[in-house]
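What follows is one structure encoded as structure tokens, with my remarks underneath.
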Amino acid sequence: MEYSDTYYVRRVQNGDVAGFACLLERYSGRVHSLIFRLTRNREDAEELAQDVFMKAFRGLDGFKGDSSFATWIYRIAYNAAISETRRRRVEFTAFDEALIESFPEESMTDLTGEEGASLTALDAALARLQDVEQAIVLFFYMEDKSIEEISEITKLSVANVKVKLHRARKKLYILLTQKEEEI
Amino acid sequence: MNSKEESSDRLRALFGRMPEEALPVGFNERMMSRVREEAVRRERRAGRLEALGLALSSLSVAGVLAGALIYAGVPTIRWEAPELAALPFYLHIGSLALVLLGMDYLVRRAYRKRHS
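In order, the protein sequences belong to chains A and B. Numbering-wise, the working numbering comes out as the position in the first sequence, counting from 1, plus 2. Numbering-wise, the working numbering comes out as the position in the second sequence, counting from 1, plus 4.
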């Protein structure tokens with residue numbers, strides 16, 4: 003029988019530390035993977051993921067359940083990863099605004115070419131997006147989060163998340179379908 | 005993003021094929037040992053805080069008491085030795101009561117014996 007996150011959260015709040023192991027089992031892989039994709043450094047990802055779970059454990063007593071545990075832990079992970087990328091001053095590709103604006107919407111449905119099919123190309127394209135855009139794309143596509151959930155995690159407005167996601171998708175399509183010198 | 009856009013979103017298919025980054029070996033075990041250490045530390049901290057709170061409250065009670073004694077004045081308790089002049093009278097009355105009580109007991113016992 004699988005218990006809900008709330009059940010394990012209550013157990014930890016009542017002093018049963020073992021309850022945290024179940025939450026860890028459920029989220030460690032996803033949180034680590036997300037942080038790794040944002041920081042692109044294995045050691046940093048492990049250290050940050052540990053910090054995220056320690057922070058979660060310390061803060062669990064104050065967790066009221068206003069949002070789901072998943073949203074809460076992703077928010078901690080998101081903040082940690084974004085802080086890290088900003089601390090390291092990771093440089094992102096500057097896109098030509100005119101190119102993004104002029105990129106036809108209908109082109110965004112076709113990624114059947116060799117470039118489009120390559121996961122390596124997708125990963126490289128993802129790395130060239132801004133940190134927040136990368137996070138939004140990962141939440142949307144990898145974690146299957148809704149726009150509202152992403153808004154809750156990132157503390158950005160729903161409209162802002164929509165705009166950022168739309169722009170990020172356009173950038174990805176541009177990077178995956180056009181030659182680099184055109185960007 | 006509207007539904008039409010979403011259904012034709014090839015990125016979703018691509019991301020769906022992207023493998024999840026493997027968790028470092030022993031990550032959960034290492035994490036749990038850190039969590040247990042933290043729980044023990046937290047328990048000790050709570051114990052120390054409790055002891056500190058108890059000491060502070062005891063000190064504050066003692067302080068308030070000392071302050072009250074100093075500033076409000078120490079109450080003087082006087083004890084006077086009782087007057088012993090009336091003692092023979094009370095001894096006389098007491099012994100009389102005891103004799104009467106004893107006589108009452110004996111009369112009642114004789115009565116019960118006769119009528120049982």
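From the three backbone atoms N, C-alpha and C, an ideal C-beta is built for every residue, glycine too. Just so we're clear, the structure is a prediction, and the values are computed from it rather than from any experiment.
Proximal chain B residues relative to residue i, where beta-carbon distance stays under 7 Å
i: A:E135; result: Near A:E135 there are no residues of chain B at all, since even the closest Cβ is about 13 Å away, more than 7 Å.
i: A:S35; result: E24 and E25
i: A:R171; result: L15
i: A:L177; result: Going along chain B, no residue has its Cβ under 7 Å from A:L177, so there is no contact; the nearest lies around 11 Å.
For residue j and residue i, believed in contact at Cβ under 8 Å, the rounded distance
i: A:A82; j: A:D53; result: 6 Å
i: A:S30; j: B:E24; result: In fact, because the Cβ distance is near 11 Å, the residues do not count as touching under 8 Å.
i: A:L121; j: B:R21; result: 6 Å
i: A:L40; j: A:T87; result: 6 Å
i: A:I84; j: A:A126; result: Wrong, their Cβ atoms sit about 20 Å apart, outside the cutoff.
i: A:Y143; j: B:L53; result: The pair is not a contact, with the Cβ atoms about 46 Å apart (cut-off 8 Å).
i: A:D7; j: A:L26; result: Wrong, their Cβ atoms sit about 12 Å apart, outside the cutoff.
i: A:I149; j: A:V139; result: With 8 Å as the limit, A:I149 and A:V139 do not qualify as a contact, their Cβ atoms being about 12 Å apart.
i: A:T2; j: A:E4; result: Lying outside 3 to 185, the shown extent of chain A, residue 2 of chain A is not represented and no answer is given.
Residue burial classification, residue i (beta-carbon count within 10 angstroms, cutoff 16)
i: B:M35; result: buried
i: B:L95; result: exposed
i: A:K147; result: buried
i: A:Y10; result: buried
i: A:F55; result: buried
i: A:K181; result: Any answer about A:K181 is weak, because its pLDDT of 48 lies below 50 and its placement is not dependable; what the coordinates show is given next. The residue in question, A:K181, is exposed, as its Cβ has fewer than 16 Cβ neighbours within 10 Å.
i: A:A58; result: buried
i: B:I126; result: In this structure chain B extends from 5 to 120, so residue 126 of chain B is not present and cannot be described.
i: A:V160; result: exposed
i: A:T156; result: buried
i: B:R48; result: exposed
i: A:R32; result: buried
i: B:A78; result: Just to set this straight, residue 78 of chain B is Val in the shown sequence, not Ala. Counting Cβ neighbours within 10 Å, B:V78 comes out exposed, since fewer than 16 surround it.
i: A:E135; result: buried
i: A:F141; result: buried
i: A:I152; result: buried
i: A:F38; result: buried
i: A:V14; result: buried
i: B:L73; result: exposed
i: B:L102; result: exposed
i: A:E116; result: At A:E116 the pLDDT is 49, less than 50, meaning the model places this residue with poor confidence; the figure from the coordinates comes in the next sentence. Exposed: under 16 other Cβ atoms inside 10 Å.
i: B:V39; result: buried
i: B:L60; result: exposed
i: B:L104; result: exposed
i: B:L69; result: exposed
i: A:L178; result: buried
i: B:L100; result: exposed
Proximal residues of chain A, C-beta to C-beta of residue i below 7 Å
i: B:A43; result: V19
i: B:P28; result: E48
Contact list for residue i against chain A, beta-carbon separation under 9 Å
i: B:R38; result: Q52, F55, M56 and F59
Listed by chain order, chain B residues near residue i by CB distance under 8 Å
i: A:F22; result: M36 and V39
i: A:F38; result: E25
i: A:L174; result: L15
i: A:E27; result: N32
i: A:L158; result: By Cβ distance, chain B contributes nothing, its closest Cβ being about 15 Å from A:L158, past 8 Å.
i: A:L131; result: In chain order: nothing, as chain B lies at least about 12 Å away.
Contact set between residue i and chain B, taken where Cβ atoms lie within less than 9 Å
i: A:M144; result: F19, G20, M22 and E24
i: A:G64; result: Per Cβ cutoff of 9 Å: no residues; A:G64 is ~13 Å from chain B at best.
i: A:G67; result: The premise fails here: A:G67 is roughly 20 Å from chain B at the closest Cβ pair, so nothing lies under 9 Å.
i: A:S30; result: L27, F31, N32 and M35
i: A:R77; result: None at all; the shortest Cβ gap to chain B is about 19 Å.
Residue i CB to nearest heavy atom of the ligand FMN below 7 Å
i: B:F19; result: Because no ligand of any kind appears in the structure shown, any question about the ligand FMN cannot be addressed here.
Within chain A, partners of residue i - CB distance below 8 Å
i: B:L53; result: Simply none; closest approach about 14 Å.
Does the stretch 69 to 82 of chain A touch the stretch 54 to 69 of chain B, meaning 3 or more C-beta pairs lie closer than 8 Å?
-> no
Using 8 Å as the Cβ pair cut-off and three pairs as the minimum, do the stretch 11 to 23 of chain A and the stretch 40 to 50 of chain A touch?
-> no
Looking at C-beta atoms only, is the number of pairs between the stretch 119 to 134 of chain A and the stretch 166 to 174 of chain A that lie closer than 8 Å three or more?
-> yes
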